[in-house]
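Q:
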Amino acid sequence: MEEGINRRKTEHIRLCLDDNVEGVNKSTGLEGISFIHNALPEINFADIDLQTSFLNKALKAPFLVSSMTGGSELAAKINQNLAIAAEEKGWAVALGSTRALLESDAHKESFLIRKQAPTVPLIANLGAVQLNYGYGADEAERIVELTEADSLVLHLNSLQEAVQDGGDLNFENLLPKIEAVCKQLPVPVGAKEVGFGIDGTVADKLYNAGISFIDVAGAGGTSWSQVEKLRSEDPLKKAAAEAFNNWGLPTKDCIVSVKSSNAAVPVVASGGMKTGVDAAKAITLGADVIGFARQLLQAATESAESVIRTMDQIELELKMTMFGIGTKSLNELKNTDRVMVMGKSLQNKTAGE
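When you line the sequence shown up against UniProt numbering, it's residues 1 to 353, in that order.
1) When you compare the CB positions of GLY271 and GLY220, do they come within less than 7 Å of one another, or not?
2) What does the alpha-carbon distance come out to for the pair ALA106 and LEU74?
3) Tell whether a beta-carbon distance below 7 Å holds between LEU330 and PRO41.
4) Is there contact between the stretch 114-134 and the stretch 168-182, where contact requires at least three CB pairs shorter than 8 Å?
5) In this structure, does DSSP put ASN246 in helix, strand or coil?
6) Bridge partners for ASN125 per DSSP, in chain order?
7) Mind checking ARG14: buried by the 16 CB within 10 Å criterion, or exposed?
8) Quick check on DSSP: helix, strand or coil for LYS238?
9) Can you confirm whether the stretch 36-55 touches the stretch 75-83 when touching is taken to mean that 3 or more C-beta pairs between the two stretches lie within less than 8 Å?
10) If you run the structure through DSSP and keep just helix, strand and coil, what is ASP253?
11) Can you check which of these residues, LYS229, SER303, PHE45 and ILE113, is closest to THR327 by C-alpha distance?
12) Taking the beta strand (DSSP E) that ALA61 belongs to, which residues open and close that run?
13) Could you have a look at LEU333 and say whether DSSP puts it in helix, strand or coil?
14) Hey, how far is the Cα of GLY200 from the Cα of ALA293?
15) Going by beta carbon distance, what residues of the same chain come within less than 6 Å of LYS177, once the five residues before and after it are set aside?
16) Would VAL307 pass as a contact of ALA85 if the rule is Cβ separation under 7 Å?
17) Determine which residues share a DSSP beta bridge with MET340 and list them.
18) Buried or exposed: GLU302, going by 16 or more other Cβ atoms within 10 Å of its Cβ?
19) Just verifying my parser: in three-state terms, what is the DSSP assignment at ASP215?
20) Can you give me the Cβ contacts of ALA300 inside the same chain, cut-off strictly under 7 Å, excluding the 5 residues immediately before and after it?
21) Measure the alpha-carbon distance for GLU22 versus ARG338 and round it to whole angstroms.
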């Protein structure tokens with residue numbers, strides 16, 4: 001078990017670093033959004049404020065290090081560098097799937113990063129499907145205790161499991177089990193996809209079951225059907241996975257769908273986010289926090305300082321965007337009218353459907 005988990009997690013990292021694992025002819029949809037330049041912004045760049053809060057904790061910027069990895073030697077180095085950088089920059093940080101934390105004694109330190117990130121929001125992570133494979137609220141609570149997390153996110157990865165060799169495929173009757181976890185855990189529970197997106201209909205079901213936030217994790221970035229295709233030793237699955245290389249809901253469409261369906265749902269926008277300009281576009285659509293994953297991964301294999309440099313650039317890009325349209329706060333950015341979707345002014349947050 002230990003060797004298998006280590007190998008799979010390491011393979012995931014290596015493939016995301018070295019191979020083309022993005023969907024084919026699939027984008028986030030954010031390229032259809034543009035800002036109306038304000039030649040007279042009437043603000044001081046030094047006064048632009050990125051501060052916000054998430055999970056009842058302050059953030060210096062509206063950013064999350066998205067769930068990526070854990071359970072291997074390489075993952076330990078990556079997560080420690082990400083945690084140090086997140087603490088320095090005031091970003092939230094999420095762990096990869098923590099199932100290995102309970103099933104294996106190997107590489108537990110890859111999940112135990114609270115010492116490196118003592119004050120920022122820390123999010124543990126478990127596959128929702130594991131609630132049909134022996135896990136329940138007690139195990140979820142144990143994960144939160146071990147990691148000292150401020151929240152648990154349940155990831156929804158049905159298509160990835162379908163392509164993965166030996167994947168867990170029983171997604172039947174999960175909603176009431178998710179509801180039970182939400183009721184028992186003493187911390188907020190979120191839900192996320194892994195790159196194929198969550199729409200408003202599904203988000204409403206999850207929110208009504210007690211989920212506290214939705215990470216849409218839309219298409220346009222890493223495709224986990226592509227990752228598992230590259231790992232698979234099953235010729236039939238490899239061939240079938242090709243039919244899904246452009247599967248998923250673009251990140252932009254996910255944000256619009258979720259916020260149009262229920263404006264009260266806190267939204268994390270992840271899935272193909274690469275720049276602070278992308279982040280600004282997502283915020284104008286209603287996103288509250290922006291998640292970055294593979295954009296930070298290479299730097300995280302090097303050092304915390306490398307991660308911080310990448311974070312600095314993303315923050316600067318967001319500030320420059322806000323300066324370019326004359327907004328000083330995230331609330332002003334969220335409500336700006338200096339944005340267009342496919343050439344049309346975005347006068348309200350249901351536009352762009």
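Glycine residues also receive a C-beta, built at the ideal position from the N, C-alpha and C atoms.
A: This is what the structure holds:
1) When the beta-carbon positions are compared, GLY271 and GLY220 come within less than 7 Å of each other.
2) The alpha-carbon atoms of ALA106 and LEU74 are separated by roughly 12 Å.
3) no
4) Contact between the stretch 114-134 and the stretch 168-182 is established, with three or more Cβ pairs separated by less than 8 Å.
5) coil
6) Under DSSP, ASN125 shares a beta bridge with VAL153.
7) exposed
8) Helix at LYS238.
9) no
10) Helix, per DSSP.
11) PHE45
12) Looking at the DSSP string, ALA61 is not in any beta strand (DSSP E), and its letter there is neither H nor E.
13) It is helical.
14) Those two C-alpha atoms are separated by around 23 Å.
15) So the list reads LEU131, once near-sequence residues are dropped.
16) yes
17) SER34 and SER345
18) exposed
19) strand
20) Taken in chain order, the residues that qualify are ILE78, ASN81, LEU82 and VAL307.
21) Distance from the CA of GLU22 to the CA of ARG338, rounded to the nearest whole angstrom, comes to 31 Å.
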